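Numbering (my numbering), first residue to last: 15 to 1134. We put the CB at the ideal spot given by N, CA and C, even for glycine. All of these numbers come straight from a predicted model, not from anything done at the bench. One structure is given below, encoded as structure tokens.
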């Protein structure tokens, strides 16, 4: 055993005893502490003693001892302990041949190289040798240590090392080279030009490991050099999904800034659609299809590529990635597509409180401009008792931003304002009052309670319909025991009364009585300001208030004293007989006050209101100055101006520009040349053509089919990723066409790869197929023009769209591919001719030829069909024999709904019910019968529909104005409303000659349907096509009296406008209908099981309506 190891064992008992609890290192079994040094004092031994132990281990000749020591040292660093004094001992082992020791030494040096620069410089030669080590981890670690030595003298060495590492074969080393660029730039900014060359080189790297790091270096060194991004834009978009999470965040933020400088604003998309619609009207059908295929959107394909490739990242587990994608959609995507980020952001609210706070800050900014994005998730922002104050106030801010006429009653109930009001006035049951014992406004968190009252004030100013309701609720809060709640209520009421003070004299009187109990200075000052501002409306109370305030003037806060002086001045000008002496007394008190603000205000007021020889010209206008009409204060969201900062940034969170913030530029009026993003592929194409010739000799057939399968899978993936949102068939077709175009642009960007070039060849060959297919379809369509069906027309449209798409794809190819495309085309034509001559099977494209009524198309005698094939083809026939017709309703409910109460309508009462008859105003509208009654003793004139506030897409056909409605008379009128297959409310104004009233109609889901008749076979067929996600079911317990067929039919038809379908089984009851707007089928099945249970199944494409209908039918069949 060596001397060093012996010395370690001799003192190991003491050192290890102290280190064992911390470092997990036990003493050797054979060692013992010297008798002169008690082991009990090992706990109090100094760190110097421990470090001496480690130094001896590092100087050992055994690698195991050195490795053990390095592990303990790194463990100390991980625990936050200082190990800097071990630097000389550690740096000696930098040239160790043991890879494990060398790795740990480099970890240590990266931590302390900046602190011990002089000693680190002694090992520069060792680091330079390590840069050429065969192990990539050693090379990367050496570069990291070298870049951590922040001494200007080694800048040339670092620059050379970064250049060499940027060309390293290992992507891990290149990644560390990108990290070193930022360190070198911060050390010596003069190296910027040389570093930009390295960044430009690394940006061309195709490794996902390097992409995030080099973009971070780009953002630090040269964020304004967007010309470096042009050629790499498409590559970065395509690599984005595979980059590590923090690299994704950096790339997304960079691409957001890039897109704002290179593309036109997508928010002008609607205007472009109108322009194309006008052109399409005058063009022929073929030109119209070609025009649509060439440019269906105004959006640049590269712009679409970025939006499409970032969409999957909304499902990332990293909150920062989701937030980055959300801000990209907010700043770049069309407004119609930005809504998809709302669900992902709401999902992040389940994270820890720090993430919640940042996400809520960004949602608050979004919700100001686009309320519709987060309205469906309103309940996700309800406050929980466990939320910290910062989360509560942020959620409250969002709820206030989302408030509108439709949900304000829900929000006020959530704020717990409604229980303080008279339930008879608001049509709320009195029993609800017991549900609101723990309220927002009574929260123990005083800051949150005050914020809630401010939110109520903002709601009342933004929504005029509830101003009186909120004001009455706030007045009720004035009797609260909590002084902070009362004070905040007074401040908010003061601001509300400024908007409409004419009708609120009673509230001012009520607040004047509170002066005896309220002690909060801000509240007392607000009450005094109100009394002084509207002193003419309370002429008896104001002088008495001044008398009370004169008594307590010396004990009041400075803020209250200023308002007492103002009150005295206003009363002196309006009611000098009663208040002249009082005002002079108050002015004398203020003249000798300790605060110079009070003294200055007193002298100013005395000279202004009390005329004397020294008074200036202003005293003539004293009344106009003091009693001038003040503008009402604006209660605005504190997040209103934060949209000037990019979402998700530190500047947005702090609402001030932080260091390093890069501003988003405005959209350019005209987009720059998009060809700058095209990658040169001519030389690569020549190399590929040479390799292709060799490959063809070996396996030409397999390469052809493998590439086609790859293309099919790619297009299928794109289509699935784009069709996640619920939309109609036409919209889905439009999105798939957009996907194919954007995928073609993606292939152009990836054309350096062999597979991409093979796909180009295949698309060019498909052009000849589609041309032949188009000619054939045109000839067949001419023959079958008399008996052609709409299905065949749609198939020919799809064929022509495929032709135009392949033409646009082939035209976008470069000139270098034309010879190869021509060769492929000739070969494909030869194959087609050969297939045509030997063809004995029937293509699915010719299914239209097998119409039983068609006699003009002659089937060649050489084609022999087996009986099984004929049966299959009959089953695949595009013409359907099923008959589904709209029938008259089986039951018309007479239940009426209140539209306008006679008290709210000042004598005009209105009720409505659904007649379940086809609407005469339009096939997509629902007929609503409105009964208007005059309950007054005078006639009502000019009853009509005023302003309409309808959701997007909803339409309304109003009734003709009613000139006169005599007292106690009623009249029934018809309206038509297109609810767009949703249960959203249609809000509008019911007006008379003198007044207008805000009313709304919300349809039950059962009234959105029209009953249809169909056979049991057709029902089963349609149900089989609506399975999976289109099927909703539930098991219910049926009441015994509801188990008979007649009772089930009666209850279901009462609840929903469904048609009865004949059933051959006694335990299965079927109903069918279609939605009024889109005509989607709604199939309802009630299957009775053994015992008292039943299964309720609903099949429909409209899954939302289906789930709502299921929820409404369950209690109908369950209750007795």
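- Nearest-angstrom Cα distance between residue 469 and residue 187? In a straight line, the C-alpha of residue 469 is about 55 Å away from that of residue 187.
### Query
Whole-angstrom Cβ separation of residue 600 and residue 579, contact assumed at under 8 Å?
Contact flag correct, Cβ pair sits at about 7 Å.
Which class does residue 1027 belong to by DSSP, given the choice of helix, strand or coil? In the structure shown, the three-state DSSP call for residue 1027 is strand.
### Rounded separation between residue 1076 and residue 1059 - CA only
Whole-angstrom Cα-Cα distance: 12 Å.
Query raised in the report: For residue 358, which option in 1091, 331, 346 has the closest C-alpha, if you only look at C-alpha atoms?
Result: For residue 358, the nearest C-alpha among the options comes from 331.
What residue from 199, 970, 620, 322 has the CA that sits closest to residue 236's CA? It is 199.
Endpoints, the alpha helix (DSSP H) within which residue 122 is located | Per DSSP, the continuous alpha helix (DSSP H) segment holding residue 122 begins and ends at 113–126.
Subject >> Rounded Cβ spacing between residue 341 and residue 414 (contact assumed at less than 8 Å) >> reply: By a beta-carbon distance limit of 8 Å, residue 341 does not contact residue 414. Their separation comes to about 22 Å.
Q. So, residue 492 versus residue 529, is the Cβ gap smaller than 8 Å?
A. Not closer than 8 Å, so no.
Exercise for the section: Specify, as a first and last residue, the run of the beta strand (DSSP E) that residue 961 falls within. Expected result: Taken as a continuous stretch (DSSP letters only), the beta strand (DSSP E) holding residue 961 covers 954–963.
How many angstroms separate the CA atom of residue 598 from the CA atom of residue 606? Spanning the two alpha carbons is a distance of roughly 13 Å.
Worksheet item: Do residue 1106 and residue 1052 have their C-beta atoms within less than 8 Å of each other?
Response: Between residue 1106 and residue 1052, the CB-CB gap stays under 8 Å.
Tell me whether residue 869 is buried or exposed, calling it buried when 16 or more other Cβ atoms sit within 10 Å of its Cβ.
Bear in mind that a pLDDT of 37 at residue 869, under 50, signals an unreliable position, so the number given afterwards is only what the model happens to contain. Its Cβ having fewer than 16 others within 10 Å, residue 869 is exposed.
Quiz item: Going by other Cβ atoms of all chains shown within 10 Å of its Cβ, with 16 needed for buried, is residue 344 buried or exposed?
Solution: Flag for residue 344 reads buried.
Query - Three-state class that DSSP yields for residue 999 in the structure shown - result: Three-state DSSP puts residue 999 in coil, outside helix and strand.
Report task. Count the other C-beta atoms from every protein chain shown that fall within 10 angstroms of the C-beta of residue 632, then say buried if there are 16 or more, exposed otherwise. Result -> It counts as exposed.
Next on the checklist: As a quick exercise: from 374, 922, 994, 1011, pick the residue whose alpha carbon is nearest that of residue 960.
Outcome noted: That would be 1011, whose Cα lies nearest to the Cα of residue 960.
- CB-CB under 8 Å to residue 103, same chain, minus the five flanking residues each way: which ones, in chain order? Taken in chain order, the residues that qualify are 68, 69, 72, 73.
TODO: With a 10 Å radius around its C-beta and 16 neighbouring C-beta atoms as the bar for buried, classify residue 604 as buried or exposed.
DONE: Taking every protein chain shown into account, the CB of residue 604 has 16 or more other CB atoms within 10 angstroms, so this residue is buried.
Item to check | Spatial neighbours of residue 337 in its chain, beta-carbon cut-off 6 Å, leaving aside the 5 residues before and after | outcome: These residues qualify, in order along the chain: 662.
At the level of alpha carbons, what is the spacing between residue 275 and residue 674?
It is roughly 19 Å from the alpha-carbon of residue 275 to the alpha-carbon of residue 674.
Using a 10 Å radius around the Cβ and a threshold of 16 neighbouring Cβ atoms, would you call residue 348 buried or exposed? The residue in question, residue 348, is buried, as its Cβ has 16 or more Cβ neighbours within 10 Å.
Compare the Cα-Cα distances from residue 387 to each of 364, 360, 397 and report the closest residue.
Nearest option by C-alpha distance: 360.
Practice prompt. Look at the Cβ atom of residue 425, then the Cβ atom of residue 381, and state whether they are nearer than 8 Å.
Written response: No, they are not a contact pair.
So for residue 592, helix, strand or coil by DSSP?
In the three-state scheme derived from DSSP, where H, G and I count as helix and E and B as strand, residue 592 is classed as helix.
Residues near residue 327 in its chain [Cβ-Cβ closer than 6 Å; skip 5 each side] = Taken in chain order, the residues that qualify are 335, 339.
Option in 157, 277, 201 with minimal Cα separation from residue 684 | Among 157, 277, 201, the Cα nearest to that of residue 684 is on 277.
- Contacting residues, own chain, Cβ-Cβ under 7 Å from residue 150 (five flanking each side not counted): Same-chain partners within the cutoff: 184, 186, 187.
- Item | Presumed contact (8 Å Cβ cut-off) between residue 993 and residue 1018, rounded CB distance | Between residue 993 and residue 1018 the beta-carbon gap is near 11 Å, outside 8 Å, which marks them as no contact.
Exercise. Based on the DSSP secondary-structure assignment, which residues constitute the bridge partners of residue 989?
Worked result: Looking at the DSSP assignment, residue 989 forms a beta bridge with 942.
For residue 1004, the nearest candidate out of 1044, 918, 1023 (CA to CA) = Here the closest residue by C-alpha is 918.
Do residue 161 and residue 130 have their CB atoms nearer than 8 Å?
-> Contact flag unset, no.
* Starting from residue 317, trace the beta strand (DSSP E) both ways and give me its first and last residue. => Note, residue 317: premise wrong, no beta strand (DSSP E); alpha helix (DSSP H) at 315–324.
Query raised in the report: So, are the CB atoms of residue 122 and residue 88 less than 8 Å apart?
Result: Between residue 122 and residue 88, the CB-CB gap stays under 8 Å.
- Message: Taking the beta carbon of residue 1078 as the centre, do at least 16 other beta carbons fall within 10 Å, making it buried, or is it exposed?
- Response: Exposed, since its Cβ has fewer than 16 Cβ neighbours within 10 Å.
Is DSSP giving residue 1071 helix, strand or coil here?
In the structure shown, residue 1071 sits in coil (DSSP, three-state: anything other than H, G, I, E or B).
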